[in-house]
Amino acid sequence: MKMSKLFVQTLREFPSDAEVISHKMLGRAGFIKKLAPGIYTFMPLMWKVLKKIENIVREEMDRAGAQELLMPFVQPKELWEESGRWEVYGKELMRLKDRHDRDMCLGPTHEEIITSVARDSLKSYKQLPVNLYQIQSKFRDEIRPRYGLLRGREFIMKDAYSFDLDEEGLDKEYQNMAQAYKRIFERCGLETKMVQSDSGAIGGSVSHEFMVITDTDAGENDVFYCNSCDYSANSNHAVSNLPDAVIDGKNYFAETKVLDTPNTHSIEELSEFLKIPSTLILKSLVYIIDKKPVIALIRADKAVEETKLMNAIGGIDIRIASSAEIAELMAEHGFDAIPGFIGPKGMKNVPIIADETVKDMKNFVVGINETDKHLVGANLSDLDIENLKYADIRLVEQGEFCPQCGKPLFVTKGIEVGNIFKLGTKYSKPMNAVYTDIEGKTHPYVMGCYGIGISRTAAAAVEAHYDEYGIKWSVAIAPYHVVIVPVNINDNEQMQIAENMYQELQKAGIEVVLDDRDERAGVKFKDADLIGFPYRVTVGKTISEGLVEFKVRQTGEQEKLSPEKAVEKLIENIKKNL
RNA sequence: CGGGAUGUAGCGCAGCUUGGUAGCGUACUUCGCUUGGGACGAAGGGGUCGCAGGUUCAAAUCCUGUCAUCCCGACCA
Numbered sequence: 070m071k072m073s074k075l076f077v078q079t080l081r082e083f084p085s086d087a088e089v090i091s092h093k094m095l096g097r098a099g100f101i102k103k104l105a106p107g108i109y110t111f112m113p114l115m116w117k118v119l120k121k122i123e124n125i126v127r128e129e130m131d132r133a134g135a136q137e138l139l140m141p142f143v144q145p146k147e148l149w150e151e152s153g154r155w156e157v158y159g160k161e162l163m164r165l166k167d168r169h170d171r172d173m174c175l176g177p178t179h180e181e182i183i184t185s186v187a188r189d190s191l192k193s194y195k196q197l198p199v200n201l202y203q204i205q206s207k208f209r210d211e212i213r214p215r216y217g218l219l220r221g222r223e224f225i226m227k228d229a230y231s232f233d234l235d236e237e238g239l240d241k242e243y244q245n246m247a248q249a250y251k252r253i254f255e256r257c258g259l260e261t262k263m264v265q266s267d268s269g270a271i272g273g274s275v276s277h278e279f280m281v282i283t284d285t286d287a288g289e290n291d292v293f294y295c296n297s298c299d300y301s302a303n304s305n306h307a308v309s310n311l312p313d314a315v316i317d318g319k320n321y322f323a324e325t326k327v328l329d330t331p332n333t334h335s336i337e338e339l340s341e342f343l344k345i346p347s348t349l350i351l352k353s354l355v356y357i358i359d360k361k362p363v364i365a366l367i368r369a370d371k372a373v374e375e376t377k378l379m380n381a382i383g384g385i386d387i388r389i390a391s392s393a394e395i396a397e398l399m400a401e402h403g404f405d406a407i408p409g410f411i412g413p414k415g416m417k418n419v420p421i422i423a424d425e426t427v428k429d430m431k432n433f434v435v436g437i438n439e440t441d442k443h444l445v446g447a448n449l450s451d452l453d454i455e456n457l458k459y460a461d462i463r464l465v466e467q468g469e470f471c472p473q474c475g476k477p478l479f480v481t482k483g484i485e486v487g488n489i490f491k492l493g494t495k496y497s498k499p500m501n502a503v504y505t506d507i508e509g510k511t512h513p514y515v516m517g518c519y520g521i522g523i524s525r526t527a528a529a530a531v532e533a534h535y536d537e538y539g540i541k542w543s544v545a546i547a548p549y550h551v552v553i554v555p556v557n558i559n560d561n562e563q564m565q566i567a568e569n570m571y572q573e574l575q576k577a578g579i580e581v582v583l584d585d586r587d588e589r590a591g592v593k594f595k596d597a598d599l600i601g602f603p604y605r606v607t608v609g610k611t612i613s614e615g616l617v618e619f620k621v622r623q624t625g626e627q628e629k630l631s632p633e634k635a636v637e638k639l640i641e642n643i644k645k646n647l
């Protein structure tokens with residue numbers, strides 16, 4: 070490709086609406102163009118990158134025994150009603166109506182469709198197991214799209230679905246996919262961590278996420294990991310052992326009684342007022358889960374992990390209650406306490422979820438729904454709560470200990486580029502997707518699903534590999550492998566040599582760009598660095614000695630070689646890294 | 001949903017306080033000159049100033065409404 074013909078426009082400045090590195094770089098280097106929030110045109114350079122990632126994914130999925138197909142973007146409401154998700158999926162589902170006023174949606178994921186395809190065709194145990202996948206655009210109307218390609222409303226995804234006879238088959242396929250994913254991300258030049266995670270709206274039991282570890286803001290997830298063993302988990306799923314703490318208040322409170330605690334609106338104020346550690350306070354938080362209030366109880370020095378709390382109730386939407394909603398809840402129970410003095414006592418019309426660690430607390434301090442008062446030296450049995458349930462709803466924090474080996478846990482940011490779920494019969498059962506076994510009995514398929522964000526992977530690669538001058542693509546996913554820069558296109562010798570190398574490399578199957586623009590060398594170098602070609606060959610002043618300059622973008626290393634040697638070396642290096 | 005900010009040329013911005021029909025940088029076109037890290041000079045093309053009302057002789061500028069975009073937050077009691 071001649072640079073003069075390449076459809077790309079690099080910018081002098083970063084786009085003003087970009088926050089994270091990948092968004093800034095991809096925008097400035099002319100890879101993407103925004104049409105609407107979270108919706109982008111993939112310009113030719115970007116599209117080349119995406120196709121390369123797709124092909125790596127294809128090769129590895131095929132190698133793992135999966136088969137590619139393509140399902141529709143537009144899906145009818147009926148299938149989503151069968152699975153029960155038409156109501157459940159909420160506003161994130163992009164809905165539309167056809168000319169007959171029938172409800173449709175743009176696919177955010179394809180469990181319903183694939184299950185419907187499978188139940189029509191997979192009738193016999195002889196046909197299983199099967200793993201089917203596709204690569205296409207997905208649509209999710211995110212609350213707040215941001216970070217460029219990292220959280221878009223329209224994005225490219227690979228989704229695969231496996232159908233097995235039983236749990237054992239699923240386990241095997243799950244491992245098979247985990248291995249395939251490792252190879253895929255390695256080939257893309259990305260270091261990933263496979264972490265345990267919550268299975269979220271898609272449902273199911275076991276799931277893992279593949280995280281690209283990054284120190285930038287783009288890492289939206291907290292990942293907890295142990296350096297001494299292989300434990301690692303997303304914050305919505307992580308568990309930990311707590312360090313020792315005072316959780317029995319017997320040395321502070323001789324008896325159970327109501328104390329005046331004026332103006333102690335926060336945990337800090339309360340622990341200061343009573344001169345006790347916050348580990349002796351039971352904190353009561355009001356959440357609204359699927360529009361209904363829920364009270365969460367947790368040791369006051371710890372925080373609630375909202376996804377865990379939501380799952381404990383089986384909800385799909387959670388937020389903390391507003392002060393108006395708390396007032397309403399109080400009034401309904403005949404109290405008028407303000408936040409800071411709320412407690413579980415007497416709250417009969419609302420589910421109460423206590424964190425597991427609350428079981429160990431004794432003689433603690435708790436709000437009793439009277440402003441400026443707390444009950445001290447209390448135990449849960451004193452509070453007479455009928456609607457109480459225990460669950461792990463605690464947010465793990467740095468400084469706590471590994472649940473497997475007891476060593477300290479660490480936290481880091483990660484970008485989720487892939488995930489794998491064991492779905493079990495979550496979809497096959499309600500959608501009556503069954504096979505007939507050898508004895509003529511029917512069983513629902515045991516399913517798994519496996520996703521990779523193709524466009525997000527590309528953005529994560531930029532987050533992982535860049536410098537102040539631009540992107541540093543790894544060879545396997547770079548839009549082109551090498552750029553040849555003749556410093557002065559009016560110099561016949563330079564142009565002749567550059568042109569020859571260009572031809573030679575193309576013959577060898579190398580993807581090469583010849584920067585034939587009548588620009589000063591500085592402009593060409595800046596663009597080459599910004600776009601991030603893995604290799605650059607400069608044909609310039611050293612040509613008098615019969616040499617060209619060979620430079621590696623990722624490492625910065627450079628050397629002078631004859632044009633023939635340079636071509637040879639490029640072919641060798643590039644083939645090795647594909 | 002709540003709060004804040006911003007909408008002026010492809011991109012980045014000024015002008016608005018104090019109304020007089022639009023400007024800078026970059027990008028684009030042409031010419032000259034230059035050619036190893038975003039040169040220089042000259043001449044050009046490109047904008048119903050987000051949209052709709054209103055005030056006024058006159059509105060990018062003032063008023064009202066509306067739409068859009070970006071950021072933060074969504075209450076840890």
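70 is the number of the first residue of the first sequence in our numbering; add one for each residue after it.
Glycine is no exception: its CB is placed at the ideal position from the N, C-alpha and C atoms.
- Under the three-state reduction of DSSP output, Asp291 falls in the strand class.
- For Asp587, the closest alpha carbon among the candidates Glu618, Ile367, Gly601 and Pro555 is that of Pro555.
- Scanning its chain for C-beta atoms nearer than 6 Å, with the 5 sequence neighbours on each side dropped, one finds around Tyr109 the residues Ile101 and Lys103, in chain order.
- Under the rule that a run must span 4 or more residues, the alpha helix (DSSP H) segments found entirely inside the stretch 99-137 read 113-132.
- A Cβ-Cβ contact shorter than 8 Å links Ile521 with Lys227.
- One thing to note: Leu138 has its Cβ within 8 Å of the Cβ of Gln203.
- For Ala423, the uninterrupted beta strand (DSSP E) run begins and ends at Ile421 to Asp424, by DSSP.
- Looking only at Lys634, Leu599 and Gly578, the smallest Cα-Cα distance to Met70 is reached by Gly578.
- Annotation for Asp370: Ser347 and Thr348 place their beta carbon closer than 7 Å to its own, counting only its chain and skipping 5 residues before and after.
- Take the alpha-carbon of Leu114 and the one of Arg154: they are about 37 Å apart.
- Taking a cut-off of 8 Å for Cβ pairs, the stretch 468-485 and the stretch 283-295 touch, as three or more such pairs fall below it.
- Non-local C-beta neighbours of Phe111 in its own chain, meaning closer than 7 Å and more than five positions away in sequence, comprise Ile101 and Leu119, ordered along the chain.
- Judged by their CB atoms, Pro477 and Ser152 are not nearer to each other than the 8 Å cut-off.
- With distances taken between CA atoms, Glu260 lies nearest to Ala529 out of Gly384, Ala529, Phe342 and Ser190.
- Assigned with DSSP and collapsed to three states, His92 falls in helix.
- Excluding residues up to 5 positions away in sequence, Lys595, Asp598 and Leu599 lie with their Cβ nearer than 8 Å to the Cβ of Tyr538 in the same chain.
- With distances taken between CA atoms, Asn642 lies nearest to Ala545 out of Ala323, Lys241 and Ala545.
- Separation of the CB atoms of Phe619 and Ala547 is rounded to 16 Å, and the pair is thereby denied contact status at 8 Å.
- Boundaries of the beta strand (DSSP E) harbouring Thr607: Tyr604 to Val608, taken from the DSSP string.
- For Asp585 against Ile558, the beta-carbon gap comes to about 6 Å, under 8 Å, which counts as contact.
- Using a Cβ distance threshold of 8 Å, Leu148 and Ala527 do not count as a contacting pair.
- Membership of Pro177 in any alpha helix (DSSP H) is not indicated, and neither H nor E is assigned to it by DSSP.
- Listed in chain order, the alpha helix (DSSP H) runs fully inside the stretch 297-344 are 336-343, counting runs of at least 4 residues.
- The beta-bridge partner set that DSSP reports for Ile521 consists of Lys227 and Gly487.
- In its chain, beyond the 5 residues on either side, Ile253, Arg256, Cys257, Ala545 and Ile546 have a beta carbon closer than 8 Å to the beta carbon of Ile125.
- Its Cα nearest to that of Leu343, the residue His443 stands out among Lys207, His443 and Ile462.
- Pairing His334 with Arg463, the inter-Cα distance amounts to about 22 Å.
- Between Phe470 and Ile540, the alpha-carbon positions lie close to 38 Å from each other.
- One Cα belongs to Val327, the other to Ala447, and the distance between them is close to 9 Å.
- Under the criterion of beta carbons closer than 8 Å, His550 and Val581 qualify as touching, at roughly 7 Å.
- Within the model, the alpha-carbon separation for Asp210 versus Leu630 is close to 53 Å.
- Below 8 Å, too few C-beta pairs join the stretch 393-401 and the stretch 428-436 to call them touching: fewer than three.
- For Ala447, the three-state secondary structure derived from DSSP is strand.
- Counting along the chain, the unbroken alpha helix (DSSP H) around Ser152 starts and ends at Lys146 to Ser152.
- Cβ contact annotation for His306 (same chain, cutoff 7 Å, sequence separation greater than five): Gln265, Ser266 and Asp267, in chain order.
- If you keep only unbroken alpha helix (DSSP H) runs of at least 4 residues inside the stretch 342-371, you get nothing at all.
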